[in-house]
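Here the structure is laid out as structure tokens; the discussion comes afterwards.
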Amino acid sequence: MALHEKDSVREKLLDDVYASSDLSVSMPKYKFPKQEHDPRHVYQVVHDELMLDGNSRQNLATFCQTWLEPEVHALMDECVDKNMIDKDEYPQTAELEARCVHMLADLWNSPDAENTLGCSTTGSSEAAMLGGMALKWNWRDRMKKLGKPIDKPNMICGPVQVCWHKFARYWDIELREIPMEKGRLIMNAEEVIKRCDENTIGVVPTLGVTFTCQYEPVKEVSDALDKLQEETGLDIPIHVDGASGGFIAPFVDPDLEWDFRLPRVKSINASGHKYGLAPLGVGWIMWRNPEDLPKDLIFNVNYLGGDMPTFALNFSRPGGQVVAQYYNFLRLGREGYRKIHQACYDTAQAVSKKLGEMGPFEIIYDGKGGIPALSWSLKEGVDHGFTLYDLSDRLRSRGWQVAAYSMPANREDLVIMRILIRHGVSRDLGDLLLADMQRSLDYFKRNPVTTPLTEVEAGGYSHGK
Ligand SMILES: *Cc1c(COP(=O)(O)O)cnc(C)c1O
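100 is the number of the first residue of the sequence shown in the working numbering; add one for each residue after it.
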């Protein structure tokens with residue numbers, strides 16, 4: 100360094116990040132940047148921009164984890180460089196995935212947990228795609244053996260998450276989605292049986308419907324399908340979408356029969372990153388018996404020195420989430436999961452009770468018979484001076500994100516609000532929300548809304564988040 104440069108060098112060293120040359124001009128937004136920037140400066144710019152996302156802990160619209168133990172953060176950091184697909188290179192990460200599969204087979208009462216087939220995925224959407232494909236392949240094989248046409252497959256479900264609409268569209272399957280009625284917002288056995296025929300690849304009940312959070316009656320549907328088989332010979336399998344409930348019911352409602360205890364349940368998906376309490380990016384799919392997963396869907400990848408069977412849509416995928424899932428299983432066990440989820444139910448039911456007492460709300464789901472959550476609508480036949488979209492908007496001014504949305508067919512007339520109570524949403528946080536809810540009602544009393552917000556203006560929440 101030349102002596103005459105000492106001042107400019109010192110300037111660089113001592114620059115406060117906000118007084119730096121990078122932060123006193125605007126950063127490139129849409130054109131690829133020409134030059135490099137100081138990492139400290141760029142970090143601050145990106146970090147600050149993310150403040151506008153709000154606080155995920157106050158996002159009560161999501162089913163996904165927003166609080167994680169420090170040990171999970173540490174493991175995620177240690178695994179940031181691990182690719183789940185490189186099972187030969189990271190054999191121990193692969194081993195942890197295999198252990199999780201066995202543990203889930205045990206948790207979901209597989210008759211032969213040692214030999215159950217399953218794998219991790221990026222979430223329930225990928226898992227649903229894999230489960231749905233197995234249903235379609237198996238149906239096609241059955242029909243081919245009978246010498247029957249294979250051009251009109253259908254699938255029966257209640258009000259499903261959007262991933263099943265995708266599955267049906269991508270794989271050319273007629274989705275027989277049972278519409279909601281007044282007084283019935285989920286599937287029942289009678290409505291399922293009405294829609295069954297020889298082209299039905301499977302029935303998909305949801306354990307924790309995204310719209311209302313209720314459990315669909317898997318056993319009732321399974322029993323009805325048994326009866327249908329006795330009467331007609333039609334043998335229709337069940338896949339359970341247990342995105343949320345798959346990680347709740349085994350701990351809190353161990354006597355509820357929804358899983359592999361029912362022989363007709365051939366496969367189950369669940370989201371590790373929802374009530375499995377893992378960080379974002381992991382789901383699971385399990386088959387009851389090896390023969391429920393058609394062989395020709397499995398690829399034996401001879402790559403990077405090993406011969407590995409895989410069934411997945413992605414190739415490369417981060418390994419940290421699976422490692423963190425294994426950590427959770429060990430850390431919590433059945434007891435730990437039960438305690439966490441039970442605390443959430445208690446909070447959901449307490450909030451639901453107080454919300455019902457406020458006056459204008461009709462409780463639709465009070466946190467009993469489904470996942471830890473609640474949903475409500477505005478009482479009918481009253482001019483409240485606001486809509487639930489206005490209320491959602493108002494709550495945002497205190498940082499809360501509460502979903503308001505209209506129901507699917509045939510209850511498009513019904514607009515509801517829903518909050519998820521999950522790990523990290525404490526009773527105190529619930530009380531703070533209730534206080535802000537009351538503050539909002541008082542505000543609307545003083546200032547009735549003259550032009551109510553529409554669903555689109557309110558941001559168009561997707562119900563399935
Ligand atoms: C969230 C959800 C999905 C989609 O799961 P991802 O893990 O977000 O891909 C599917 N089905 C149900 C019932 C859900 O709640």
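Glycine included, each C-beta is placed from N, C-alpha and C at the ideal position.
Under 7 angstroms between C-beta atoms of residue i and residue j
i       : j       : result
Phe-359 : Trp-207 : yes
Gly-466 : Gln-448 : yes
Gln-420 : Ala-377 : yes
Ala-226 : Thr-215 : no
Met-286 : Glu-315 : yes
Ser-451 : Ile-462 : yes
Glu-196 : Ser-219 : yes
Lys-338 : Ile-439 : Here residue 338 turns out to be His, not Lys, going by the sequence shown. No, Cβ-Cβ distance for His-338 and Ile-439 is not below 7 angstroms.
Ile-396 : Gly-341 : One point to set straight first is that residue 396 is Leu, not Ile, in the sequence displayed. Taking 7 angstroms as the Cβ cut-off, Leu-396 and Gly-341 do not qualify as a contacting pair.
Ile-384 : Leu-284 : no
Cys-163 : Leu-379 : yes
Ala-472 : Tyr-488 : no
Leu-159 : Val-422 : no
Pro-393 : Trp-263 : no
Ile-520 : Ser-476 : no
His-136 : Leu-122 : no
Thr-311 : Ser-505 : no
Val-317 : Trp-357 : yes
Met-242 : Ile-300 : no
Ser-568 : Gly-344 : Outside the shown range of the chain (100 to 564) lies residue 568, about which nothing can therefore be said.
Ile-277 : Leu-327 : no
Gly-484 : Phe-414 : no
Exposure of residue i, with buried meaning 16 or more beta-carbon neighbours within 10 Å
i       : result
Lys-373 : buried
Gly-246 : exposed
Pro-362 : exposed
Leu-552 : buried
Arg-517 : buried
Tyr-117 : exposed
Asp-492 : buried
Gly-82  : The chain is shown only over 100 to 564; residue 82 falls outside these bounds and no answer can be derived.
Met-232 : buried
Asn-427 : buried
Gly-498 : exposed
Lys-244 : exposed
Pro-336 : buried
N- and C-terminal bounds of the beta strand (DSSP E) containing residue i
i       : result
Asp-340 : 337-340
Leu-519 : 514-519
Ile-384 : 382-386
Met-254 : 253-256
Arg-493 : Per DSSP, Arg-493 belongs to no beta strand (DSSP E); it is in the alpha helix (DSSP H), 487-495.
Ala-503 : 502-505
Ala-472 : 472-477
Arg-275 : 273-276
Limits of the unbroken alpha helix (DSSP H) element including residue i
i       : result
Cys-262 : 261-269
Arg-526 : 526-545
Glu-289 : 288-293
For the segment 297-376, which segments carrying the alpha helix (DSSP H) assignment without a break, of at least 4 residues, lie completely within its bounds, in sequence order? 317-331 and 348-351
Let me know the alpha helix (DSSP H) ranges lying completely inside the segment 132-180, each 4 residues or longer, listed in chain order. 138-149 and 169-177
Starting from the N-terminal side, write out each stretch of the alpha helix (DSSP H) that is 4 residues or longer and does not extend beyond the segment 404-466. Qualifying alpha helix (DSSP H) stretches, in chain order: 419-456.
4-residue-minimum alpha helix (DSSP H) runs that sit fully inside the segment 182-246, ordered along the chain: 190-206 and 223-245
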